[in-house]
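Numbering (my numbering), first residue to last: 236 to 545. Where a beta carbon is used, it is the ideal one built from N, C-alpha and C, also for glycine. All of these numbers come straight from a predicted model, not from anything done at the bench.
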């Protein structure tokens, strides 16, 4: 059994489609089927069941799929390290972030990094905080940037800093005339918030309950940062976001920030995490260092200098 067969099976398990797998490798569906037959013969077990919608993994296929993910990742890392030795300085690096706010904070850093390293491909996946940490711990990604992340001893934190989520609103909004905003104010105004899978939504619900206001019932539920900002600019809703994610709009005068009163503030940690012991490629190391420097410039008085357990 060759490595190509493992790579093809890995893609087949991911996509659930022989045709999509064939397209990904630039081969015919017949060639994919032959590779599947070969790998099933090697293991002496059926790995997939064919269905009208594609293929479904058998129990044996699930076992191999779990292992093939790590095998594919190890092969990719080996290729990256060989490229490093050859001085090619090319390849790819993967980054998992949770929530649109995290990705918005990182956008300037990723743009600058790409300009400095045009031959490196950056793959960014937006997921939950737990999903991002799981991806780092299991080798599915190189780096995680998270907010509202649960403690996880499987990863190491390169940088962390406190980030406050504040009310963001149109300068024409009635509450913009106030020096600060209360939960009671929020309970009486239309909000645009992400769903309860997001940490900021759960944190806001907790503030509502503590104030005896039940839980937040937004006029708009969306995880799209751009849609939230547009609703805010139009005065249709008030947002709860880190100020940094809307700094451009604040400077342009289309949005303003008014703080929550001190006892009701929503503060969490922004954390830059990486594997504890797994060797990383040149690209991953370079991006980790770049993001670390960027975050320290943006948050100059906070953070941890050395790596520290989450």
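Should residue 418 go down as buried or exposed, given a rule of 16 or more other Cβ atoms within 10 Å for buried?
Within 10 angstroms of the beta-carbon of residue 418 lie 16 or more other beta-carbons, which makes it buried.
From 447, 534 and 280, pick the residue whose C-alpha is nearest to that of residue 298; which is it? Relative to the Cα of residue 298, the nearest Cα in the group 447, 534 and 280 belongs to 280.
Could you give the uninterrupted runs of the alpha helix (DSSP H) lying entirely in the region 251 to 319, keeping only those of 4 residues or more?
Here the runs fully enclosed are 253 to 260 and 264 to 278.
Less than 8 Å between the C-beta atoms of residue 380 and residue 341, yes or no? Against a cut-off of 8 Å, the Cβ pair of residue 341 and residue 380 comes out as a contact.
### Rounded C-alpha distance that separates residue 473 from residue 425
Distance between the alpha carbons of residue 473 and residue 425 is about 6 Å.
message: In whole angstroms, give me the CA-to-CA distance for residue 485 and residue 478.
response: Using only the alpha carbons, I get a separation of about 8 Å.
Notebook entry, point to check: What are the uninterrupted segments assigned as beta strand (DSSP E) that are 3 or more residues long and contained completely in the region 382 to 464, given in chain order?
Noted result: Runs found: 390 to 404 and 426 to 428.
- Quick one: Cα of residue 470 to Cα of residue 408, how far? So the two alpha carbons sit approximately 6 Å from each other.
Assuming contact is defined by CB atoms lying nearer than 8 Å, are residue 389 and residue 372 in contact in what I supplied? Yes, Cβ-Cβ distance for residue 389 and residue 372 is below 8 Å.
What's the gap between the Cα of residue 300 and the Cα of residue 383? Their backbone Cα atoms lie some 30 Å apart in a straight line.
With 16 other CB atoms within 10 Å as the buried threshold, where does residue 405 fall?
-> That one is buried.
Are the CB atoms of residue 376 and residue 331 within a distance shorter than 8 Å? Contact: yes.
Practice item. On a CA-only basis, which of 326, 250, 305 and 368 is nearest residue 289? Give me that one, please. Key: Ranking 326, 250, 305 and 368 by Cα distance to residue 289 puts 250 first.
#### Entry: Environment of residue 238 [buried if 16+ CB atoms lie within 10 Å]
Answer is exposed; the Cβ neighbour count stays below 16.
Assuming residue 451 contacts residue 440 under a Cβ cut-off of 8 Å, what Cβ separation, rounded to an integer in Å, is found between them? Contact between residue 451 and residue 440 holds: CB atoms are separated by about 6 Å, below the 8 Å threshold.
Quiz item: So, helix, strand or coil for residue 509, using DSSP?
Solution: Strand.
What are the residues that DSSP puts in a beta bridge with residue 492? Note: residue 492 is bridge-paired with 403 in the DSSP secondary-structure output.
If you draw a straight line from the alpha carbon of residue 482 to that of residue 264, how long is it in whole angstroms?
-> Answer to the nearest angstrom: the Cα atoms are 49 Å apart.
*Endpoints, the beta strand (DSSP E) within which residue 329 is located*: Residues 326 to 333.
Identity of the residue in 444, 245 and 283 nearest residue 309 by Cα | It is 245 whose Cα lies nearest to the Cα of residue 309.
One or two residues paired with residue 375 in a DSSP bridge: Looking at the DSSP output, residue 375 shares a beta bridge with no other residue.
Q: Measure the beta-carbon distance from residue 504 to residue 427 and round it to whole angstroms, keeping in mind my assumption that it falls under 8 Å.
A: About 24 Å separates the Cβ atoms of residue 504 and residue 427, ruling out a contact at the 8 Å cut-off.
Bounding residues of the alpha helix (DSSP H) (the contiguous stretch that carries residue 482) | First-last of the alpha helix (DSSP H) with residue 482: 482 to 487.
Notebook entry, point to check: Straight-line CA distance for residue 437 to residue 337?
Noted result: The alpha-carbon atoms of residue 437 and residue 337 are separated by roughly 17 Å.
Open item on the list: By alpha-carbon positions, which one of 513, 507 and 512 ends up nearest to residue 534?
Closed with: Minimum Cα distance to residue 534 is reached at 507.
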